[in-house]
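First up is the structure itself, then whatever we jot down about it.
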Amino acid sequence: MPVTEERGSDVQDVSVEPVAAEARSAGLADVVWENAEAAPEAVQFLRPDPVPRSWPAPRPLRSGPQPVTCQQFRDDVLALARGFVAAGVGHGDRVALMSRTRYEWTLVDYALWSIGAVTVPIYDTSSADQLRWILTDSGAVGCVLETGEHAGMLAGFRDDLPALRRVWRIDGGDLIALAGEGRAVDDARVEARRHAVTGGDVATIVYTSGTTGRPKGCVLTHRNIHCDVIGATEVLRDLLHPGASTVLFLPLAHAFARLIQVGMVHSRATMVHSADMSGVLDQLRKYRPTFILAVPRMFEKMYNRARQKADEANRTRLFDLADRLAVRYSRALDTPRGPGPLLRLAHVVFEVLAYRKLRATLGGRCRLAIVGGAPLADRLGHFFRGAGMALLEGYGLTETSPALTVNPPSAMRIGTAGRPIPGARVRVAPDGEILVHGPMIFPGYWNNPEATREAFTSDGWLRTGDLGSLDQDGYLRITGRKKEIMVTAAGKNLAPAPIEDAIREHPLVSQVMLVGDGRPYVAALVTVDEHAWTRWHAARGLPDVPVAELRDNPELRGEIQSAVDRANATVSRAEQVKTFRILHRDLTEAEGELTPTLKIKREAVATRYADDVEALYRGH
């Protein structure tokens, strides 16, 4: 795969030649028909216990997982596409989709794509104001909702949405009824609509969850998404292929999960939709996927809970040995000679004692995971690779469809976001900002030409707002967000993310947000993990009360201080956290403090906890 690199005193630039299939200009739904012809009996989806009245109408429900073959999926897409045609959804019309991750989400997506309509995803946890804004801004003519609660939310302001003609509720049986309306529509009309779709047509408008301001609608074309999937699957052929499987539990409204959805259909791999985040581990053990995708926080929690279980079973020493050995073994894999004989032998022993059991929590077959949404702590990456579970970090934005770089399984480099996927070009500007170019880059923001102009340089490169560097082999390392760089009163510039990640490695810590912009020193707001808290205070004989009542407890503060001390040891004195404050509760998405991928909304948190921030600087 040809790679071009340019280096100079001002910029670093790496690109990878696109694969030939990128030139295709057809619509994303075409592959559904191609799969049905090439492998009609291949299982495209497994549906965990479908809910009556959702979908499908003609096939009888039975207990247990329901296989959906490539042919069945094509038939379902066609039936629903006929329904949308009957309902008057035209080429280029926007239809909103607000639901948890489930089969019907994917079905609606492909049905709309097959007739040239535009899917507008909305997180199922969105507020009424967010729902109103997205429906208004996108000019949606239809809206698919999952629940009665969603429908009730919409009812409160539907009269203010003149463009919205139809609303369908998944759990109310409305999709089945819609397919019934479509029986009067000839298949040839859908075929004509499908063949009229070109790569330049808009496929979706994805509203960024954003950590600041109102969401902006990212316009992505069929070509944008297709080129991104082709490039990503070229690098991830070990994951995305017929016979591979995954349990998808991230929200499909997020571009990261959407990429996997399209990649699974493209490669005819098997996908299980899982809407219940609280039951993810049960689903993983039941369906035994070959790979998963997740945000780093999931693996942080997985590690912390494994350590807590070891503590409860009086096996702390064994876990510590397994931990150190895994990290040492992984680091040795990056050396020219690799692990020595004694290290390999010890690794075999701990494979039986510990690592196999850890992987069993993910079903036992999973040896690879794609991690995105935020940086993964280096040590955590080494621990999991040493335990037989490689976490492949990547990088991208909603505006980039979303993948730009990824670590190849055969040449991963922990601590980096990997190399550009085929077709992508990555450049680091003199000020450290990452600039990107390629066919997966969006054309602009919906109804927002000013924001679109600001997003691109004069020569057409997308400004990511992220800071990073490229090593001599073209691997990208993310060092922070340009807008999140803090400048202390002493003039010290620092990126908060690396220090926050280091503090968050402690089992008791859930979230960390550094403060200090324009202040005399760096401080931190810290929240305590609720699951860890229950075990921690019980083990020490402390009262069974919420964190709020013990956040000034010396023993608790000492525990958090140890996490801060370890993080401080990794940075210069000027960057060190001088003091911290434990908040009375954890941050949540419901309260508007976290995005759906668990990123902190810094302005919202700083505003809500302004008194706590001031307390950190009182007297200085």
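If you use the numbering used here, the sequence shown corresponds to residues 10 to 629, in order.
We put the CB at the ideal spot given by N, CA and C, even for glycine.
T115 has its alpha-carbon roughly 33 Å from the corresponding atom of R365. If you draw a straight line from the Cα of H275 to the Cα of V40, it comes to about 6 Å. In this structure, Y338 sits near P348, with a CB-CB distance shorter than 7 Å. Pairing I591 with R560 gives a Cβ-Cβ distance under 7 Å. Where F392 is concerned, the enclosing alpha helix (DSSP H) starts and stops at 387–395.
If you draw a straight line from the Cα of T597 to the Cα of P605, it is about 9 Å long. Per DSSP, A355 is one residue of the alpha helix (DSSP H) stretching across 350–359. Looking at the backbone, the Cα of L625 and that of R582 are separated by about 18 Å.
Comparing alpha-carbon positions, the option among V357, E600, A96, L444 lying closest to D468 turns out to be L444. DSSP, read as helix, strand or coil, puts S467 in coil. DSSP, read as helix, strand or coil, puts R617 in helix.
Judged by their CB atoms, I379 and L302 are nearer to each other than the 7 Å cut-off.
The continuous beta strand (DSSP E) containing V127 extends over residues 127–131. If you compare the alpha carbons of S410, F82, F93 with that of G191, the shortest gap goes to F93. Put simply, the region 294–314 touches the region 365–377. At least three CB pairs are less than 8 Å apart. Take the alpha-carbon of A266 and the one of T425: they are about 21 Å apart.
A buried status is given to A38, since no fewer than 16 other beta-carbon atoms sit within 10 Å of its beta-carbon. The residue from F308, R277, A278, A90 with its alpha-carbon nearest to that of V289 is F308. DSSP places I494 in the coil class of the three-state scheme, outside both helix and strand. Fully enclosed beta strand (DSSP E) runs of no fewer than 3 residues occupy 531–537 of the region 531–576, in order along the chain. Only buried fits E408, as 16 or more other CB atoms lie within 10 angstroms of its CB. For A264, the enclosing alpha helix (DSSP H) covers residues 264–276.
For N502, the number of other beta carbons within 10 angstroms of its own is below 16, and it is reported as exposed. Annotated as proximal: H282 and L257, with beta-carbon spacing under 7 Å. For the pair P417 and D247, the Cα-to-Cα distance works out to about 9 Å. Distance from the Cα of I423 is smallest, within the candidate group A322, L485, A96, for L485.
Between I234 and A212 the beta-carbon gap is near 6 Å, inside 8 Å, which marks them as a contact. Where C236 is concerned, the enclosing alpha helix (DSSP H) starts and stops at 231–244. The shortest C-alpha to C-alpha distance from I214 to any of W122, L154, V304, S136 is the one to W122. Contact between S287 and D180 is absent: CB atoms are separated by about 19 Å, not below the 8 Å threshold.
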